[in-house]
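In the numbering used here, the protein residues as written are 2 to 507. Written out below as C-alpha cells is the structure these notes cover.
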C-alpha cells in the first residue's frame, strides 16, 4: 500500500483515515461493495484516536459524517448477509435454513452477492455529507463522550497537571477527638460516583456512620457504586449513635487515617485483569492526587478496600482470598499464581498505596478512619465517562513521579533503620516462600493476608523505588512471563536459591 511504501504517512492518523475512506470510495467505483466495507471498517477503528483531530483542523470531513456513512453502509449491505431461498450464493441451496439459527453467507459468497446487487444499492452507498437530505450525521453530533463532571482539556499554553500528596508531612496526622464521633458526608464530584465520609468505620462488608437526630437524617443510607459493569446502590451503610463508636469498636490506630473503598468490582475478574484494574486505578489516581479534588493522600497514609457488585460476589471473593493467602502446604500452581498476582498488584497498586488492597470484609476486626473515600469515577464513556485523555495522562505522570519520589526517599533513608525494618517485612515473606525474603513480590504477597501486621512506619513493603528498573516493558512480554514462571519454579526447591541483584531473575 502507499502507507507501507512511505512509512512517514502512518504518523498522521487523520491522513491515514482519509486514505482508507478514499480507498473505500475507489472500491465502490470498481463495483466491489465488500472491499469498500473492509476499508470503511478499518477507518472506523481509527476514529477514537483521530476524531479529535478532525474537530481541530480544517479537514473536509467530520467525525459525525464518518460514523453516519459507516452506519449506512452496514445497514445497506447487512440486508444481504443471508441468502434468499433461491439464491445461488448460499453455498448449497437452502443450507441457510438448516438448524436453529439462520446461517450467514460465507465471505466469498457475500462479496459476490453484494457485487451482483450493487446496481440497486449504488445510490444508498454513495457518500453523504452532513448537508445531504438523507444524512443522519446529526445523530452523532452533540453526543458527549464524557460526563459533565469530567475535567476539561487543557488549553494551549496551560501548565501540565502537577500531582499533590507525593510525600507525607513530617508530623503524623492528628488523631480524631476522643469520645463521641460524629460522621459527615459530602459528594466529591457532580457525578455522584465519589463520596467523602468523615469519622467512619468499616465492619465486615459494611460502612458504619455515627450520628443522631437531624445529623443522622442528613447522612446517606446508600451510596452510588460506579464501575465498568454498571452503576449500583451500595446499601451496606449503617448509621449508629455516636456513643457506639467507643462501645462497639476497638480503638483504631491513626496510621493510616484514610481509607479508599473501590466499588463495582466483579469477583474473579476485576482483581487481577489489567483491563479492569485500569478502570479503577486511572480515576483513583486523579481523585487521590489531583489538587482539584483536594484530598492529596500520601500512599503511606492510605488503606484500600475493594467492594463488589453484590453480596454474592463479595462472599465469593472473600472465600477466594482466604484460600489464596493461606500459606499452609501450597501446591506448585498456587506458588505461581501467588507470585504472578502479587507482581501485578505491586505494579498497578504500588504507586498509589504502600500496602496491597484487600477485599472489603476481609479484616479480622472493625477499623475506623478519619475519612473514608467511597467510589471511583467512570472510565467507560458509554456509561458517562470521567477519564479523559487528560486524566489518563495525569495517571501516567503521577505514577512516574511517585516512583521518582520513592527513589529519593530510599536514598535519604538511614541504612541502619532500614535494615531493622526489613527484618520485619522479610519475616512475612519467609513464611510463604523461604529463601525469598529479599524479593518484594513475596513481601507484597505476605501483606495481602488480612492477618499480617502493618509494616513499621517509613518502610515500604512493595519497594516502589525499584519498580521502574524492574518492571520494564520486556518484563510483561513473553520473556518476562517466562522469568516469572522460572522464579516460581525455583521457589519449590528444598533449598531455594535466594534472589540476587547481580543475577537478577536468572
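Quick reminder that beta carbons are idealized off the backbone N, C-alpha and C, glycines included. Model, not experiment: these values are computed from the prediction.
Cβ pair count under 8 Å reaching 3, the stretch 233 to 251 against the stretch 396 to 405: no
Which listed residue (193, 209, 192) has its alpha carbon closest to that of residue 200: 209
DSSP state of residue 441 mapped onto helix, strand, coil: helix
CA nearest to the CA of residue 142, picked from 68, 109, 325: 68
Euclidean distance between Cα positions of residue 318 and residue 41: 43 Å
Contact between the stretch 185 to 202 and the stretch 218 to 228 (3+ Cβ pairs under 8 Å): yes
Candidates 304, 370, 282, 306: closest to residue 349 by CA position: 282
For residue 446: DSSP bridge partner residues: Answer by DSSP bridge pairing: none, since residue 446 is not bridged.
Endpoints, the beta strand (DSSP E) within which residue 201 is located: 196 to 204
Proximal residues to residue 1 (C-beta, below 7 Å), its chain only, five neighbours per side dropped: Residue 1 cannot be examined here, being either before or after the span of the chain that is shown, 2 to 507.
Stretch-stretch touch, CB-based, cutoff 8 Å, three pairs: the stretch 303 to 315 with the stretch 262 to 272: yes
6 Å CB neighbourhood of residue 187 in its chain, flanking five on each side removed: 197
Sequence-distant residues of the same chain with beta carbon closer than 7 Å to residue 392, five excluded per side: 152, 283, 284, 287
Cross-strand partners of residue 375 (DSSP beta bridge): 196, 262
Delimiting residues of the beta strand (DSSP E) encompassing residue 233: 233 to 235
Residue 234 classed as buried or exposed, judged by whether at least 16 other C-beta atoms fall within 10 angstroms: exposed
Helix, strand or coil at residue 77 according to DSSP, with G and I counted as helix: helix
When 347, 340, 354, 118 are compared against residue 303, the one with the closest alpha-carbon: 354
Option nearest residue 248 by Cα separation, candidates 290, 164, 211, 59: 211
Nearest-angstrom Cα separation, counted from residue 215 out to residue 419: The predicted model places residue 419 with a pLDDT of 48, which falls under 50 and marks its position as unreliable, so this point remains unresolved.
Contact between the stretch 29 to 43 and the stretch 122 to 132 (3+ Cβ pairs under 8 Å): yes
Residue interval of the beta strand (DSSP E) (run including residue 208): 207 to 211
Cα-Cα separation, residue 81 to residue 231: 35 Å
Whole-number beta carbon distance between residue 260 and residue 306, since they are thought to touch under 8 Å: 6 Å
Boundaries of the alpha helix (DSSP H) in which residue 404 is found, first to last residue: 390 to 413
Contact set for residue 182: own chain, Cβ-Cβ below 6 Å, skip 5 residues either direction: 200, 211, 243, 246
Burial state of residue 270 (16 or more Cβ within 10 Å): exposed
Euclidean distance between Cα positions of residue 119 and residue 61: 27 Å
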